[in-house]
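Have a look at the structure below, then the notes.
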Amino acid sequence: MTHGEGAAAPPLEREDPRASRAWMVMAERGSFGALRFIRWFYRTLGRRATIAFLTPVTSYFFITGRTTRRVSLDYLRTLRAAPGGPEALGVEPTWRHAFRHLLEFAEHILDRMIVWSGDTEIIQIDYSGTEILRELSQQRRGAILLGCHLGSWDLLRSVAERTGVTLNVLIFTANAARINAFFERMHPDLKLRMIPFELGSIRWVFDLKAAIERGEFVGVLGDRVWESDRERSVSVTFLGRRARFPLGPFLLQAVLGCPMILTGCFRTGAGRYRAVAIPFASEGVVPRCDRRKYAEELAQRYAHELERWCLRAPYQWFNFFDFWPDDAA
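Position in the sequence shown counted from 1, then plus 357, gives you the working numbering.
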């Protein structure tokens, strides 16, 4: 039996493409109306009622989102088959586990909204290894914070707030200005700036370089390859299968020569998270002739670390895309 097939899939109707697109929009934090509504609901009725409300909403997206169900189940089965997978997941994943995966995602969206609204006392964050970020900020040395779609990585901006350093996040959207304005309305003191990545333009490179030179942090996610940027990617081993990872974050570090810190923020309980920071690549500009090989090695190291984190928090990797399209398991 191949991953993503078999009796475990529920007998649901054809996928509603509008529902699938809407779910992805929420996943990428692009639906401002939805975020405002969740914020209003939470502030009016509280956390418990909001979680209860999110359950039927998640059920709708799950029932009408065939692609989302399939890729979630494919990921969970791939993780279950990897070394350490049986201990992490237990029984063979079914569509019920895929629903739990999406429900976990919905709760993370709620917690993000709570923190973005400034109600930080409701969300408790424990810190591990983040003293390296404090040291860098005290020395006014910029750094790249390498993240992933596991947990609530954007809650790491609380670390930036604690150190007083602005966090610049590279995003693949033309709506960076709107997102910045949205966050500023919700939390005027938020030290977070979105920098748009645009194919065919190198302006974002200069923006990131300037941020590093100012001693600020630059956040990039390293676990998604866009179709338009497949040439700058590499096939590595991830959870026992071949998957493509972007080279961009690692080439950026090779060019800028600044420290790269692997970062994550995982949910450990209701309204409780653990923020982690691990030194990943040291300072030093890499010669042009060696950059590709250097970036490929870092990409494989990153995939191994992401694998370890997925085994630790199996339902918190929210990369709802076909991650192994070239590797039929």
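All C-beta atoms, glycine included, are put in the ideal place defined by N, C-alpha and C. None of the values given here were measured: they were computed from a predicted structure.
| request: Could you pull the start and end residues of the alpha helix (DSSP H) that glutamine 610 belongs to? | output: 605-613
| request: For the alpha helix (DSSP H) containing glycine 442, list its first residue and its last residue. | output: 442-446
| What span of residues does the alpha helix (DSSP H) with valine 414 cover, start to end? | 404-421
| message | Assuming glycine 418 and phenylalanine 456 are in contact, meaning their beta carbons sit under 8 Å apart, how far apart are those beta carbons, in whole angstroms? | response | Here residue 418 turns out to be phenylalanine, not glycine, going by the sequence shown. That pair is no contact at about 10 Å.
| query | What is the rounded straight-line gap between the Cα of alanine 600 and the Cα of tryptophan 681? | reply | 5 Å
| Are the beta-carbon atoms belonging to glycine 499 and phenylalanine 574 less than 8 Å from one another? | yes
| Contained alpha helix (DSSP H) runs [length at least 4] in the region 602-674, N- to C-terminal order | 605-613 and 648-669
| query | Ordered along the chain, which non-local residues of its own chain (more than five positions away) have a Cβ less than 7 Å from that of alanine 438? | reply | Gly597
| Exposed or buried, glutamate 488, counting other C-beta atoms within 10 Å across all chains shown (16 or more means buried)? | exposed
| Relative to the C-alpha of valine 633, which residue among Leu503, Val612, Trp561 and Val591 is closest? | Leu503
| task | Could you spell out the range, first to last residue, of the alpha helix (DSSP H) harbouring valine 562? | result | 560-570
| said: On the criterion of 16 or more Cβ atoms from any shown chain inside 10 Å, does glycine 626 qualify as buried, or is it exposed? | reply: exposed
| What residue does the beta strand (DSSP E) around leucine 554 start on, and which one ends it? | Checking the displayed sequence, the identity of residue 554 turns out to be phenylalanine instead of leucine. Segment: none, phenylalanine 554 is in no beta strand (DSSP E) and carries neither H nor E.
| So which of Leu524, Gln657, Trp473 and Asp468 has the shortest CA-CA distance to isoleucine 552? | Leu524
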